[in-house]
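Contents: one structure, followed by commentary.
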Amino acid sequence: MSNNINKSQILQWIKAVSETIKENKDYLTDLDAAIGDADHGINMERGFSKVLEKFDSYKDKPISDIFKAIAMTLMSTVGGASGPLYGRIFRKMSVATKDTPDSLTSEELYQALKDGIDGVMEIGGAKVGDKTMVDVWVPALEVFRNELGNGSDLKTIMEKVVSEADKQVEATIPLVARKGRASYLGERSAGHQDPGATSSDLILKALASVVE
Amino acid sequence: MVGLVLISHSRKITDGIKELVEQMVADKVKVVSAGGLDESTLGTSVEGILNGINSVYDESGVLLLVDLGSAVLSAKEAIEFLDESKQNNVVISNAPLVEGSFIAAIEASTGKTLVEVNNAAEGTKELNKLG
Chain A
5 MSNNINKSQI LQWIKAVSET IKENKDYLTD LDAAIGDADH GINMERGFSK
55 VLEKFDSYKD KPISDIFKAI AMTLMSTVGG ASGPLYGRIF RKMSVATKDT
105 PDSLTSEELY QALKDGIDGV MEIGGAKVGD KTMVDVWVPA LEVFRNELGN
155 GSDLKTIMEK VVSEADKQVE ATIPLVARKG RASYLGERSA GHQDPGATSS
205 DLILKALASV VE
Chain B
9 MVGLVLISHS RKITDGIKEL VEQMVADKVK VVSAGGLDES TLGTSVEGIL
59 NGINSVYDES GVLLLVDLGS AVLSAKEAIE FLDESKQNNV VISNAPLVEG
109 SFIAAIEAST GKTLVEVNNA AEGTKELNKL G
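Protein chains in written order, with the numbering used here: chain A, 5 to 216; chain B, 9 to 139.
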């Protein structure tokens, strides 16, 4: 039980994200084929395999620099909207962790993730209910904040965050998309799970898998 | 002179527009084709757009012409990576990509300001093609 995530766990997180994205590449692409341009899994896998390829170039750097390297890589290799959006999450996390080079407290981790998704909402304009990744991050981080208030340890916090994220991914199925490619489909976007919400859930699950 | 950066998911689209406008204005305007993740992959690259902006930048400013979705997001993100002194001098146009780029190039070639070039480009939304 701990209230911290250290640099080596953050690096494990990045590896775990790359693995889960690779494993779910076809699944994400299939989800995107239904309501988008059938490239989400391909794009995310391309981006995160590049992130993994560059691992040695950032692994010994402060946490902030690690996030920055990931941000730049995603923004230049993913291709679709998820490049600038996920890139932005990591860039905002980089700014938020400037003064914490080796380890983050639960509160600092929360703030970094919160700044990340706030940045996404700022640039992309999506709100909760638009059938995007925001639908997962916002309620999941509310759970995070509530659990911080309850004094829960980080392992427990992340279990509850993931359980909320899982629930919210499914909740995107009936929604009509109001942002992103799927929004051009209007009513026809209902009945399908959102790919970006799904990859966000995978990223949070990967985070939960490395905390203690 | 105002520089133009063309951004789409497809490099072929922005290469084609560049060819089209250069036929009109020859080398009088600085136009960069920054579409695609790279030459052959659909997508957009923040780094590619950033390099494009820097390659045509001068104090007259740069107009970014975009199509849809991640073209807009990547353009916004690229602006945030610019030096602060340049940020206010780079504008994303709300113009249609093909028509807007065409008019923007003509306006830029006559030495108009960034605001004038963008207004003319955005004016193509009202263009009556069937006269």
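We treat Cβ as the ideally placed atom computed from N, Cα and C, and that holds for glycine.
Source: prediction; values computed, not measured.
query                                                                                                                                                                   : result
Out of curiosity, what's the CA-to-CA distance linking Lys183 (chain A) and Leu152 (chain A)?                                                                           : 31 Å
Around the Cβ of Arg185 (chain A), are there at least 16 other Cβ atoms within 10 angstroms (buried) or fewer (exposed)?                                                : buried
Do Ala116 (chain B) and Lys106 (chain B) have their beta-carbon atoms positioned less than 9 Å apart in this structure?                                                 : Here residue 106 (chain B) is Val; the residue named in the question, Lys, does not match the sequence. Not a contact, by the Cβ cut-off of 9 Å.
Rounded to whole angstroms, what's the CA-CA distance from Val180 (chain A) to Lys135 (chain A)? Just pull it up for me.                                                : 7 Å
Run through chain A and tell me which residues come within less than 9 Å of Leu90 (chain B), C-beta to C-beta.                                                          : Those do not exist, as Leu90 (chain B) stays about 14 Å from chain A at its closest Cβ, beyond 9 Å.
What does DSSP give as the partner residue(s) for Gly44 (chain B) in the beta ladder?                                                                                   : B:Thr52
Once DSSP output is grouped into helix, strand and coil, what is the label at Ser193 (chain A)?                                                                         : helix
Between which residues of its own chain and Gly128 (chain A) is the CB-CB distance below 7 Å, once the five residues before and five after are set aside?               : Leu89, Lys183
Using a beta-carbon distance cut-off of less than 8 Å, what residues from the stretch 29-55 of chain B approach chain A?                                                : Leu45, Thr49, Leu50, Gly51, Thr52, Ser53, Val54, Glu55
Taking Cβ positions, are Phe71 (chain A) and Met97 (chain A) nearer each other than 9 Å?                                                                                : yes
Hey, quick one: how far does the beta strand (DSSP E) through Asn8 (chain A) stretch, first residue to last?                                                            : 8-10
With distance defined between alpha-carbon atoms, name the residue in A:Phe52, A:Ala37, A:Thr33 nearest to Glu23 (chain A).                                             : A:Phe52
Which residue wins for smallest C-alpha separation from Gly146 (chain A), given the options A:Thr202, A:Asp103, A:Leu117?                                               : Going by the sequence as given, residue 146 (chain A) is Glu instead of Gly. The shortest C-alpha separation from Glu146 (chain A) is found at A:Leu117.
Less than 8 Å separating the Cβ of Asp205 (chain A) from some heavy atom of the ligand MN?                                                                              : No copy of the ligand MN occurs in the structure displayed, which carries no ligand at all.
Would you mind listing the beta strand (DSSP E) stretches within the stretch 84-144 of chain A that are 3+ residues and don't spill past its ends, in chain order?      : 107-109
Please identify, using Cβ separations under 7 Å, the residues of the stretch 60-72 of chain A that lie next to chain B, in order along the chain.                       : none
Rounded to whole angstroms, how far is the Cβ of Asp106 (chain A) from the Cβ of Asn7 (chain A), which I believe are closer than 8 Å?                                   : Rounded, the Cβ-Cβ distance is 15 Å, inconsistent with contact.
Relative to the C-alpha of Glu67 (chain B), which candidate in B:Ser78, B:Thr132, B:Lys94, B:Ser82 has its C-alpha closest?                                             : B:Lys94
Nearest to Arg95 (chain A) by alpha carbon, out of B:Met9, B:Ala34, B:Ala86, B:Gly44?                                                                                   : B:Ala86
Going by beta carbon distance, what residues of the same chain come within less than 7 Å of Gly119 (chain B), once the five residues before and after it are set aside? : Met9
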